[in-house]
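Chains as they are written, first to last, in this note's numbering: chain V, 18 to 286; chain A, 9 to 263.
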Amino acid sequence: MLASVFIVMGSLILIVGVIVFNGAPSLSLQILTQTSEGGFYLGAGGGFLNAIVGSLLLALPATGLAFIIGIAIALYLQKDFLNPSIANFIRICLDILWGVPSVVYGVFCLTIMIAIGMTGGSVLFGIIALTLLEIPIITRSIDESIKMVPAGLKETAYSLGSTKVETAMKVVRRQAMPGIIAGVLLGFGRGIGDAASILLTVGDSNYFPTSLSDQTAALPTMILNLVSMPDQVVQNKAYAVAFVLLMIVLLISIITRYLTKKSSKHIIK
Amino acid sequence: MENPKTIQIETKALNVAIHNNQVLKNIDIQIPAKQLTAIIGPSGCGKTTLLKSFNRLLEIQDGIKIEGEIVVDGINIMSSGLNVPDIRKKMGLISQKPYPLPMSIFENVAYGLRIHHDKNQKELAEAVQNCLQEVGLWSEVKDRLHDPASRLSVGQQQRLCLARAIAVQPEVILCDEPTSALDPIAAQQIEKLLLKLKKDFTVILVTHTLRQAKRVADHVIFLYFGKVVEQGTAAEFFNNPKNPETKAYLAGEIS
Numbered sequence: 018m019l020a021s022v023f024i025v026m027g028s029l030i031l032i033v034g035v036i037v038f039n040g041a042p043s044l045s046l047q048i049l050t051q052t053s054e055g056g057f058y059l060g061a062g063g064g065f066l067n068a069i070v071g072s073l074l075l076a077l078p079a080t081g082l083a084f085i086i087g088i089a090i091a092l093y094l095q096k097d098f099l100n101p102s103i104a105n106f107i108r109i110c111l112d113i114l115w116g117v118p119s120v121v122y123g124v125f126c127l128t129i130m131i132a133i134g135m136t137g138g139s140v141l142f143g144i145i146a147l148t149l150l151e152i153p154i155i156t157r158s159i160d161e162s163i164k165m166v167p168a169g170l171k172e173t174a175y176s177l178g179s180t181k182v183e184t185a186m187k188v189v190r191r192q193a194m195p196g197i198i199a200g201v202l203l204g205f206g207r208g209i210g211d212a213a214s215i216l217l218t219v220g221d222s223n224y225f226p227t228s229l230s231d232q233t234a235a236l237p238t239m240i241l242n243l244v245s246m247p248d249q250v251v252q253n254k255a256y257a258v259a260f261v262l263l264m265i266v267l268l269i270s271i272i273t274r275y276l277t278k279k280s281s282k283h284i285i286k
Numbered sequence: 009m010e011n012p013k014t015i016q017i018e019t020k021a022l023n024v025a026i027h028n029n030q031v032l033k034n035i036d037i038q039i040p041a042k043q044l045t046a047i048i049g050p051s052g053c054g055k056t057t058l059l060k061s062f063n064r065l066l067e068i069q070d071g072i073k074i075e076g077e078i079v080v081d082g083i084n085i086m087s088s089g090l091n092v093p094d095i096r097k098k099m100g101l102i103s104q105k106p107y108p109l110p111m112s113i114f115e116n117v118a119y120g121l122r123i124h125h126d127k128n129q130k131e132l133a134e135a136v137q138n139c140l141q142e143v144g145l146w147s148e149v150k151d152r153l154h155d156p157a158s159r160l161s162v163g164q165q166q167r168l169c170l171a172r173a174i175a176v177q178p179e180v181i182l183c184d185e186p187t188s189a190l191d192p193i194a195a196q197q198i199e200k201l202l203l204k205l206k207k208d209f210t211v212i213l214v215t216h217t218l219r220q221a222k223r224v225a226d227h228v229i230f231l232y233f234g235k236v237v238e239q240g241t242a243a244e245f246f247n248n249p250k251n252p253e254t255k256a257y258l259a260g261e262i263s
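Set out below in structure tokens:
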């Protein structure tokens, strides 16, 4: 017991420690608030605000889209709407999609981009790749939390004359809310940290994207690019980027905790 | 019978199978309106199944097969093409374990009103207050209407469920052993309420305690292994049972 706690906590502290230790010297107000100058990967100045903005512009819309699609699928998968044997088949499909490596989603989107004659990357296809990546995660998490809603609670809603949709949207949704929020966080965490799916689809840029067809920088791909450079100073910037990525995920976790607690207020145990 | 009573619910050759297991066999019963009918019998004899067939709540489970007719107000509710929520709206359900909805006390009672009636905020507040007063909960909760309903005690939750059910203005109140999870005092409150409510509603009470049926019932239906053994007025049923199985059950020989 103690050993397992030690291993988990130890690795976490080690990872955070290495990132902070290596990244802290490179971190400065300037690197956080400026966009990259030309030749950033070769040691030129500027910061990576463009990658922070790029990552958020990719992951936030993708999570939003995946949530809208995911909650609709998850509600429909319940036996009130769909034959359980068909629903279970769809669940297996989603679980397989969950296990698909993210680079496959990247290649898939790249294939479409080539087919329609697009050259270079675009924000749009980055969002699509991340949405596809997040849908199975968010759907299955929401699905599991909806399945936990007691049958008696649904019976109660039905006995008051609610339709299936009213029961799902007004009663089941409220009861499953903490699980829904957790599922969205899980999807967002996967989306913002994933490099492989956007590596092939968004390209790179030193500027803020201004339209869906623009190329953009993103935090995970920037880490990859920086680390692969031979210069130690440039490599250390990768740790600074990783640190920022870590902070974004931490911030989202804290917000989620707060929202989960707030939405648990009315939950029936 | 001297004065024929109006019949609220009548079943004709009702058969219910769950996963090919015949739970109810040829049920022919009549439930008089504005009275308290107790459905009694040993556990596992199909009491709850019978109760849930009245508002078509059975069919949300898997593997259910229902045959026969259930006539409510002259309409066979098993016929196709009916709007099921409308059928259910006529029948409030009080379950064994109270299930408040995951919202505030006020919203629990207002839920049914919001989905069925178009009421403004003031009418809604009045209706909620009336229903809570009807079940004797108003004085206990009037200062914390917007607290989560889950914070009430189990006995209060059960009364809240009753208030929520009558808010929809049903004709029938179906009670599935509503006092079995409660302490004696809370149970007594519920019993008293049911006696009060039978003036305005048809109350059907599933119970496995004979004493409770004796205390409150006007009409009794005795189920045994999925069959109706005996049905009649409470006075006749308890004082002059006709069937040998009823006699044995009343004497405590079968359970």
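Beta carbons: idealized from backbone N, C-alpha and C, even for Gly. Treat the numbers as computed from the prediction; the structure is a model and nothing was measured.
If I follow the unbroken beta strand (DSSP E) through residue i, where does it start and stop?
i: isoleucine 74 of chain A; result: 72-80
i: threonine 19 of chain A; result: 15-26
i: glutamine 38 of chain A; result: 38-40
i: threonine 128 of chain V; result: Looking at the DSSP string, threonine 128 of chain V is not in any beta strand (DSSP E); the run it does join, the alpha helix (DSSP H), is 119-132.
i: glutamine 129 of chain A; result: From DSSP, glutamine 129 of chain A is part of no beta strand (DSSP E) but of the alpha helix (DSSP H) over 129-142.
i: glutamate 238 of chain A; result: 235-241
i: isoleucine 47 of chain A; result: 44-48
i: cysteine 183 of chain A; result: 180-184
Alpha carbons only, please: which of the options is nearest the one belonging to residue i?
i: glutamate 115 of chain A; options: A/Leu101, A/Glu134, A/Lys97, A/Met99; result: A/Glu134
i: glycine 143 of chain V; options: V/Leu170, V/Ser21, V/Ser102, V/Ser72; result: V/Ser72
i: isoleucine 197 of chain V; options: V/Leu59, V/Thr277, V/Ile113; result: V/Thr277
i: tyrosine 257 of chain A; options: A/Ala242, A/Lys235, A/Pro50, A/Lys222; result: A/Pro50
i: lysine 207 of chain A; options: A/Glu18, A/Ala21, A/Pro40, A/Asn128; result: A/Pro40
i: glycine 62 of chain V; options: V/Pro237, V/Val166, V/Ile48; result: V/Ile48
i: alanine 185 of chain V; options: V/Val201, V/Gly206, V/Gly200, V/Ser162; result: V/Ser162
i: alanine 89 of chain V; options: V/Ser179, V/Ile155, V/Gly220, V/Ser214; result: V/Ile155
i: leucine 229 of chain V; options: V/Gly220, V/Pro237, V/Ser45; result: V/Gly220
i: glycine 206 of chain V; options: V/Leu147, V/Asp112, V/Phe125; result: V/Leu147
i: isoleucine 209 of chain V; options: V/Asn67, V/Glu151, V/Glu172, V/Ile30; result: V/Glu151
i: isoleucine 72 of chain A; options: A/Thr57, A/Asp226, A/Asn84, A/Ala25; result: A/Ala25
i: isoleucine 265 of chain V; options: V/Val70, V/Ser45, V/Gly60; result: V/Val70
i: serine 158 of chain A; options: A/Pro106, A/Gly260, A/Asn138; result: A/Pro106
Since residue i is in the alpha helix (DSSP H), which residue starts that stretch and which ends it?
i: asparagine 248 of chain A; result: Run containing asparagine 248 of chain A: none; DSSP gives neither H nor E here.
i: glycine 41 of chain V; result: In the sequence as displayed, the identity of residue 41 of chain V is alanine instead of glycine. Alanine 41 of chain V -> no alpha helix (DSSP H), and no H or E assigned at all.
i: proline 153 of chain V; result: 140-164
i: threonine 273 of chain V; result: 249-280
i: valine 149 of chain A; result: 146-149
i: histidine 2 of chain A; result: It is not possible to answer for residue 2 of chain A, since the shown part of chain A is limited to 9 through 263.
i: leucine 66 of chain V; result: 66-93
i: leucine 32 of chain A; result: Careful: leucine 32 of chain A lies outside any alpha helix (DSSP H), inside the beta strand (DSSP E) at 29-35.
i: leucine 109 of chain A; result: Counting along the chain, leucine 109 of chain A falls outside any alpha helix (DSSP H), and DSSP gives it neither H nor E.
Is the Cβ-Cβ distance between residue i and residue j less than 8 Å?
i: leucine 203 of chain V; j: serine 158 of chain V; result: yes
i: alanine 259 of chain V; j: glycine 40 of chain V; result: yes
i: threonine 233 of chain V; j: leucine 114 of chain V; result: no
i: glutamine 16 of chain A; j: asparagine 23 of chain A; result: no
i: serine 123 of chain A; j: leucine 153 of chain A; result: Note that residue 123 of chain A is isoleucine in the sequence shown here, rather than serine. The answer is no: Cβ separation not under 8 Å.
i: isoleucine 78 of chain A; j: leucine 66 of chain A; result: no
i: threonine 210 of chain A; j: valine 180 of chain A; result: yes
i: tyrosine 58 of chain V; j: asparagine 242 of chain V; result: yes
i: valine 224 of chain A; j: glutamine 239 of chain A; result: no
i: phenylalanine 62 of chain A; j: leucine 190 of chain A; result: no
i: arginine 96 of chain A; j: tyrosine 175 of chain V; result: yes
i: proline 153 of chain V; j: isoleucine 284 of chain V; result: no
i: alanine 68 of chain V; j: leucine 236 of chain V; result: yes
i: glutamate 172 of chain V; j: serine 188 of chain A; result: no
i: proline 53 of chain V; j: phenylalanine 38 of chain V; result: According to the sequence provided, residue 53 of chain V is serine. The question's proline does not apply to it. Cβ atoms of serine 53 of chain V and phenylalanine 38 of chain V: not closer than 8 Å.
i: proline 156 of chain A; j: lysine 286 of chain V; result: no
i: glycine 100 of chain A; j: threonine 19 of chain A; result: no
Since residue i and residue j are thought to touch, with beta carbons under 8 Å apart, how far apart are those beta carbons, to the nearest angstrom?
i: aspartate 211 of chain V; j: serine 222 of chain V; result: Contact flag wrong, Cβ pair sits at about 19 Å.
i: leucine 177 of chain V; j: valine 176 of chain A; result: 6 Å
i: aspartate 36 of chain A; j: valine 162 of chain A; result: That pair is no contact at about 36 Å.
i: threonine 218 of chain V; j: cysteine 126 of chain V; result: 5 Å
i: alanine 193 of chain V; j: threonine 273 of chain V; result: Incorrect: roughly 15 Å between the Cβ atoms, too far for contact.
i: threonine 111 of chain V; j: alanine 104 of chain V; result: Just to set this straight, residue 111 of chain V is leucine in the shown sequence, not threonine. With a Cβ gap of about 10 Å, leucine 111 of chain V and alanine 104 of chain V do not count as contacting.
i: alanine 46 of chain A; j: alanine 195 of chain A; result: That pair is no contact at about 15 Å.
Near-chain V residues of the stretch 106-125 of chain A - C-beta to any C-beta below 8 Å:
Tyr107, Pro108, Leu109, Pro110, Met111, Ser112, Tyr119, Gly120, Ile123, His124
Positions along the stretch 151-168 of chain A whose CB lies within less than 8 Å of some CB in chain V
Pro156, Ala157, Ser158
Which residues, in order along the stretch 176-193 of chain A, keep a beta-carbon less than 7 Å from a beta-carbon of chain V?
Val176
Near-chain V residues of the stretch 39-57 of chain A - C-beta to any C-beta below 8 Å
none
Output, in sequence order along the chain, the residues in the stretch 187-207 of chain V whose CB is closer than 7 Å to any CB in chain A.
Val188, Arg191, Gln192
Interface residues of the stretch 95-119 of chain V facing chain A [CB-CB below 9 Å]:
Lys96, Asp97, Pro101
In the stretch 241-257 of chain V, which residues sit with their C-beta less than 9 Å from some C-beta in chain A, listed in chain order?
none
Got a sec: which bits of the stretch 205-233 of chain A sit with their beta carbon under 8 Å from any beta carbon on chain V, in order along the chain?
none
Closer than 7 Å between beta carbons: that is the criterion. Which residues of the stretch 131-143 of chain A meet it against chain V?
none
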